[in-house]
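Peer 1: Quick one: the structure is below, and I'll ask about it shortly.
Protein chains: 2
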Amino acid sequence: MINPDRFLSDLHTLRSFGASGVGKGVIRPAFSDADIAAREWLMQQMAEAGLTVQVDPVGSVWGLAQAPSLLLGSHTDSQPEGGWLDGALGVIAALEIARSAQQDRGAPVSVVSFQDEEGRFGVTTGSTVWSGTVSLDTADHFLDREGVSFSQARQNMAHLAGDWVDPRQFTGFIEMHIEQGPWLDAAGDTIGVVTDIVGIRDMRVTLTGEQNHAGTTPMHMRKDAFQALSAFNTRLSLAFEGVVAPATVWTIGQVNLHPNASSIVPGKVTFSMQWRDSSTGRLAEMDKIIRQVAMDVAREHGMVLNFGDMLGLEPVAMDTRLRHALTEAAETNAPGQWREMPSGALHDATNVAQQMPVAMLFVPSIGGISHAFEEDTDEADLVVGLQVLADAVARLTN
Amino acid sequence: MINPDRFLSDLHTLRSFGASGVGKGVIRPAFSDADIAAREWLMQQMAEAGLTVQVDPVGSVWGLAQAPSLLLGSHTDSQPEGGWLDGALGVIAALEIARSAQQDRGAPVSVVSFQDEEGRFGVTTGSTVWSGTVSLDTADHFLDREGVSFSQARQNMAHLAGDWVDPRQFTGFIEMHIEQGPWLDAAGDTIGVVTDIVGIRDMRVTLTGEQNHAGTTPMHMRKDAFQALSAFNTRLSLAFEGVVAPATVWTIGQVNLHPNASSIVPGKVTFSMQWRDSSTGRLAEMDKIIRQVAMDVAREHGMVLNFGDMLGLEPVAMDTRLRHALTEAAETNAPGQWREMPSGALHDATNVAQQMPVAMLFVPSIGGISHAFEEDTDEADLVVGLQVLADAVARLTN
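Following this line, the structure appears as structure tokens:
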């Protein structure tokens, strides 16, 4: 039988590794001392639970049950300033369910804590390399903000590292996670069963006009890169009307103006353009609109336009069978208090889907806050999440 | 008699101090080795011309004729990447006219090259302090971008520095300068007689919304600081219609978004808002509109709004008598090829106007380009400028 108290106690113990001293905040980025200590503690818990412990070459920690098994888990590394739940929740829920399965001689359940989901090296590194999306050789050249390479960083866990884990031993993967958004909290729901992980498009756009004196250049003769950016932004929102869905999002989150001085008409701007949606068709349609609007604005404002490379992550639909088990378990454990929803955030499940059927469930984030010390979820909701996950596993393995 | 060849030759000699190696570009910022060498060369030319040379405590170089005299000049320091003319033109034209006055025993003309007009220390430092607008104690704490104080920098010229020059010996000041804008070049005119130096208002505005995950935060729940800035910018242009004049300018030249990452909804933006006009009333009306639009947008977008301190430089009307001498000289030397116009750029004359009547004349900037290595003016136009200035001086002193 799963033990909610033991589950909550383990979550709080894990929080002690890298506890920030601010609320329930955690500072446990990938390969930091706190992260490695947390992983060593996790390995011990896995071993005590009767699982076979293995660390793969990139530092992901595995607790393996007899094959074939279901795989549950997430990640225990945090953002540079993160919360106590994020990926930790999915790992500890997995540990509790796998442990009780061992104790009860139930169907085998394996556990994983992927390394660097939070992207110290730019991507969900551990699951990206394990799933074969990116080669280890390529990943080894990824740099963090301080210029440390992934290759150097993983030396910190070289004394623990063994071989790769064969994905063919797993029948499917379920990841429990906090929502990191406001929908469940706002609706008063306890459980979200994920339909899709949205696809992401991300690129840099550069508009080059003419740098000039902000006193002597008349308005009608300016080629002001900021004005062009502002026009692009306004026009884009209008052009998206009737195309986007309620859950579609787009963001200009990074703006670098040149030379960025109050007395100079800015001659150049480079900005990020990111959009997310669960439909590949809609992502492509938005791409077309973005490029058309940018070209129109560039022409009207006398700008030279450059598009950078586009990062594309395809939407991932959750597996029907796994998802069905979750919806049934949700209705049993939280009747009328759950909903189906897309995941706007990227997760390890995106990569794992390359190798096996995947599904996800969410619990509410209070105020929609995550990636911050303030991140939290009512402990009663955490327990319902554990119960739904355990129930779904039972439905899938009985 | 003024000697155009000697004038052009001196201009080219001055260019050799800090010649950038790119076209006629110059790298001669205030108190650099090149700037001090150029000032020492200028002191020698002044002495040879029969003027009494004096360097004041802030490094401005004076060539004094018998009092009372007219004062001509500008500055010989350049932007970090500047052109060969900018302030240098006005100083060398002044030198040629003062020299020929000494040779011809004409009415006395004095010369000045103010220090740090280009604002290494944030303002037109030399003339600002000399005119009493800012005290030396205050200016001594100004820092350049590398954190060097004005006090430290002027030690580089301490071996040359003497006492302050008494402004009461001058009957008026005329500054010749390149236009630094496109009007004369576009119209095919040779001379601009300045009516006013426009006033400037400059402040920082901060909009604080809510930093959030760019995947999980729905569009309708965002408090996106960039979206608020873009809305402010669009709305402001509309609100200015019917208020601004053709020569009015406004600029958002600096934008700092926080945290400036593609996957994060920006929670905060600080941006510069600068506007210029020759009417104090219009500057105030624009100020009111800016604050109102910012408040409206902040309210609608759920932003906290903060206005920084406002830098205010009042418009300066040129002296009627000096200006009249320039228009008569312009019509004589460039009949039908001159115009009256405001100066959109700030000049040393703004500060000197605190102490005496001032006037300015412009020659064309090819393509309107300045503060760049490409800055240039046809040498024939430079000579016409010299002749107009000399003629105006003659009209004022005969």
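Residue numbers (the numbering used here), protein chains in the order written: chain A, 1 to 398; chain B, 1001 to 1398.
All C-beta atoms, glycine included, are put in the ideal place defined by N, C-alpha and C.
Just so you know, these numbers come straight off a predicted model, no measurement behind them.
CB-CB under 8 Å to P1068 (chain B), same chain, minus the five flanking residues each way: which ones, in chain order?
Peer 2: Contacts found: P1108, Q1169, F1170, T1171.
Peer 1: State yes or no: is the C-beta of A239 (chain A) within less than 8 Å of the C-beta of V293 (chain A)?
Peer 2: Yes; because the gap between Cβ atoms is below 8 Å, this pair is in contact.
Peer 1: Per DSSP, what are the beta-bridge partners of F1362 (chain B) in this structure?
Peer 2: Its beta-bridge partners are B:H1177, B:G1192.
Peer 1: Determine the DSSP secondary structure at E375 (chain A), reduced to helix, strand or coil.
Peer 2: Reduced to three states, the DSSP call for E375 (chain A) is coil.
Peer 1: Can you look up S1343 (chain B) in the DSSP assignment and give me helix, strand or coil?
Peer 2: Of the three classes helix, strand and coil, the one that applies to S1343 (chain B) here is strand, per DSSP.
Peer 1: For G23 (chain A), which residues of its own chain have a beta-carbon under 8 Å away from its beta-carbon, when the five flanking residues on both sides are left out?
Peer 2: F373, E374, D376.
Peer 1: On the DSSP bridge assignment, give the partners of E210 (chain A) in chain order.
Peer 2: A:K223, per the DSSP bridge assignment.
Peer 1: Grab me the residues of N1003 (chain B)'s own chain with a C-beta within less than 6 Å of its C-beta, minus the 5 sequence neighbours each way, in chain order.
Peer 2: Here the set comprises nothing.
Peer 1: Pair every Cβ in the region 243 to 262 of chain A with every Cβ in the region 319 to 338 of chain A, then say whether three or more of these pairs are closer than 8 Å.
Peer 2: Verdict: no, contact absent.
Peer 1: Of the residues that make up the region 272 to 292 of chain A, which ones have a beta carbon closer than 7 Å to any beta carbon in chain B?
Peer 2: Cβ contacts with chain B: S272, Q274, R276.
Peer 1: Can you find a C-beta in chain B that's less than 8 Å from the C-beta of E300 (chain A)?
Peer 2: E300 (chain A) does not count as touching chain B.
Peer 1: DSSP state of Q254 (chain A), grouped into three classes?
Peer 2: Here Q254 (chain A) sits in coil by DSSP.
Peer 1: Please identify, using Cβ separations under 7 Å, the residues of the region 1222 to 1237 of chain B that lie next to chain A, in order along the chain.
Peer 2: Hits within the stretch, in order: F1226, S1230, N1233, T1234.
Peer 1: Any beta-carbon of chain B closer than 8 Å to the one on V249 (chain A)?
Peer 2: Interface residue, yes.
Peer 1: Along chain A, in chain order, which residues have C-beta atoms closer than 7 Å to that of M1219 (chain B)?
Peer 2: Per Cβ cutoff of 7 Å: V249.
Peer 1: Looking at the secondary structure, which residues open and close the beta strand (DSSP E) in which H1075 (chain B) lies?
Peer 2: Its beta strand (DSSP E) spans residues 1069 to 1075.
Peer 1: Could you check where the alpha helix (DSSP H) with L89 (chain A) kicks off and where it finishes?
Peer 2: From DSSP, the alpha helix (DSSP H) with L89 (chain A) extends over 88 to 103.
Peer 1: Do G1253 (chain B) and A261 (chain A) have their CB atoms nearer than 8 Å?
Peer 2: Yes.
Peer 1: CB-CB under 6 Å to F1114 (chain B), same chain, minus the five flanking residues each way: which ones, in chain order?
Peer 2: Contacts found: S1060, H1075, G1126, S1127, D1348.
Peer 1: What does the Cβ neighbour count give for M303 (chain A), buried or exposed, with the cut at 16 atoms within 10 Å?
Peer 2: Buried is the call here.
Peer 1: Does the distance from the C-beta atom of A37 (chain A) to that of F17 (chain A) stay below 8 Å?
Peer 2: Yes, they are a contact pair.
Peer 1: Over what stretch of residues does the alpha helix (DSSP H) that includes S127 (chain A) continue unbroken?
Peer 2: It spans 125 to 130 - the alpha helix (DSSP H) in which S127 (chain A) sits, taken as one unbroken run.
Peer 1: Which residues in chain B sit within 8 Å of V123 (chain A), going by Cβ to Cβ distance?
Peer 2: In chain order: nothing, as chain B lies at least about 11 Å away.
Peer 1: What residues from chain B crowd round S370 (chain A), counting only those whose CB sits closer than 8 Å?
Peer 2: By Cβ distance, chain B contributes H1213, T1216.
Peer 1: Quick check on V316 (chain A) - is its C-beta less than 8 Å from some C-beta in chain B?
Peer 2: For V316 (chain A), the answer is no, since every Cβ of chain B falls outside 8 Å of its Cβ.
Peer 1: Is the region 1158 to 1165 of chain B touching the region 1230 to 1248 of chain B in the sense that three or more CB pairs, one from each, lie closer than 8 Å?
Peer 2: With the cut-off at 8 Å, the region 1230 to 1248 of chain B and the region 1158 to 1165 of chain B do not touch.
Peer 1: DSSP beta-bridge partners for M203 (chain A)?
Peer 2: DSSP lists A:M273 as partners of M203 (chain A).
Peer 1: Within the continuous alpha helix (DSSP H) that includes L64 (chain A), where are the two ends?
Peer 2: Run containing L64 (chain A): none in the alpha helix (DSSP H); it sits in the beta strand (DSSP E), 61 to 64.
Peer 1: Determine which residues of the region 47 to 62 of chain A have a Cβ less than 9 Å from any Cβ of chain B, and write them out in chain order.
Peer 2: Those residues of the region 47 to 62 of chain A that come within reach of chain B (Cβ to Cβ, closer than 9 Å) do not exist; the list is empty.
Peer 1: Would S16 (chain A) count as contacting chain D if we go by Cβ distances under 8 Å?
Peer 2: The structure shown contains no chain D; its protein chains are A and B.
Peer 1: In the DSSP assignment, the alpha helix (DSSP H) including L184 (chain A) goes from what residue to what residue?
Peer 2: Note, L184 (chain A): alpha helix (DSSP H), 183 to 187.
Peer 1: Please say whether G1181 (chain B) and S1032 (chain B) have beta carbons closer to each other than 8 Å?
Peer 2: No, these two residues do not count as a Cβ contact at 8 Å.
Peer 1: With L136 (chain A) and P57 (chain A) assumed to form a contact (beta carbons below 8 Å), what rounded beta-carbon distance in angstroms separates them?
Peer 2: Going by Cβ atoms, the distance from L136 (chain A) to P57 (chain A) rounds to 7 Å, so yes, they are a contact pair.
Peer 1: Would the beta-carbon of V393 (chain A) fall within 8 Å of that of I97 (chain A)?
Peer 2: Taking 8 Å as the Cβ cut-off, V393 (chain A) and I97 (chain A) qualify as a contacting pair.
Peer 1: Note down, in chain order, each residue of its chain lying with its Cβ closer than 8 Å to the Cβ of G1215 (chain B), except the 5 sequence neighbours on either side.
Peer 2: So the qualifying residues of the chain are S1263.
Peer 1: Is it the case that the region 297 to 317 of chain A contacts the region 225 to 237 of chain A, given that we only count it when at least three CB pairs across the two stretches are under 8 Å?
Peer 2: These segments touch.
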